Amino acid sequence: RRIIAIDCEMVELAYGRETVIHLSAVDFLSGEVQIDQIVAPPVMERVTDYRTGFTGETSESIASAIGKRKCILSLVSARAALASFMDSDTILVGFSVHHDLEALRFSHLNIVDFQLLYSTAFHGKTIGLRKAFEAYFPNDKIQNHGPSAKSHVCLEDVMAARELVLFWIEKKGQVEILSAAEARERYEEERLAEEQAWEDAENNCFPTDDDPPGYGWMG
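Count the sequence shown with full-length UniProt numbering and you get residues 1 to 219, in order.
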């Protein structure tokens with residue numbers, strides 16, 4: 001595949017380490033789903049926090065998926081599944097995708113990361129996936145599942161990251177998201193600049209007593 005979008009959900013292991021609990025990957029160009037599966041945590045490791053409020057997963061849901069063989073059985077197998085339809089020339093697309101690659105213990109050079117695009121274009125500003133997506137697509141909502149209304153769906157997140165990058169390409173990067181305070185400040189800057197432009201235009205167009213004959217369009 002030429003371009004793949006990926007997203008992972010992670011759970012916490014002992015000593016603050018993370019491991020992937022769900023992997024989703026889609027063909028960026030077509031949107032075709034390549035992977036959308038739970039990844040079993042390491043057998044010899046203890047999950048200290050399933051982050052259920054965000055991942056939507058519990059020890060019971062993971063155990064059920066493992067028991068029914070409806071999952072990828074190891075991180076090694078997850079990497080192999082990902083590598084089966086990509087090579088070193090494939091472009092990986094995502095949102096803060098370096099976190100996903102760290103959790104997968106997977107390295108890749110050709111990456112398009114929306115968070116990096118946004119931060120580089122707008123002087124180091126960062127933004128969350130949900131805020132960015134709902135700012136650009138106000139009629140659509142993501143990461144609002146479960147009792148907490150904050151749970152993620154991995155496949156939904158990867159599709160959202162894909163849409164953000166497509167939107168960025170379409171708008172040629174002119175997609176800065178402003179807070180209310182930033183919007184007010186930007187408006188005031190533009191208002192003052194417009195006033196100054198009108199003042200400069202008036203000064204240039206209308207001659208004064210000190211101007212030579214014929215100066216300005218009124219002369």
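The C-beta atom is built at its ideal place from N, Cα and C for all residues, glycine as well.
Everything numeric in this text was worked out from a predicted model, so none of it was measured.
Contact annotation: V93 and A5 have beta-carbon atoms nearer than 8 Å. Inter-residue distance for E199 and R191 is about 12 Å (C-alpha atoms, whole angstroms). Between F122 and A160 the beta-carbon gap is near 19 Å, outside 8 Å, which marks them as no contact. Contact between R105 and L75 holds, since their C-beta atoms are separated by about 6 Å, short of 8 Å.
Within a 10 Å sphere around the beta-carbon of D7 sit 16 or more other beta-carbons, which makes this residue buried. In the three-state reduction of the DSSP assignment, M159 falls in the helix class, which pools H, G and I. In the structure shown, the three-state DSSP call for I35 is strand. In this model, G146 and E195 are separated by some 51 Å (Cα to Cα). Taking a 10 Å sphere around the C-beta of Y15, we find fewer than 16 other C-beta atoms and assign the residue as exposed.
Collapsing the DSSP output to three states places V153 in coil. T120: member of the alpha helix (DSSP H) spanning 114-121, first to last residue. About 5 Å separates the CB atoms of I66 and A40; that is less than 8 Å, so the two are in contact. In this structure, the straight-line span from the alpha carbon of I127 to that of D113 is close to 12 Å. Comparing alpha carbon positions, the residue from F54, V175, R46 closest to Y118 is V175. The residue from T90, I111, S88 with its alpha-carbon nearest to that of H99 is I111.
Closest in alpha carbon position to S88, among D27, K68, S107, is S107.
Beyond the five residues adjoining it in sequence on each side, I91 comes within less than 8 Å, by CB distance, of R2, I3, I4, F28, N110, I111, V112 in the same chain, given in chain order.
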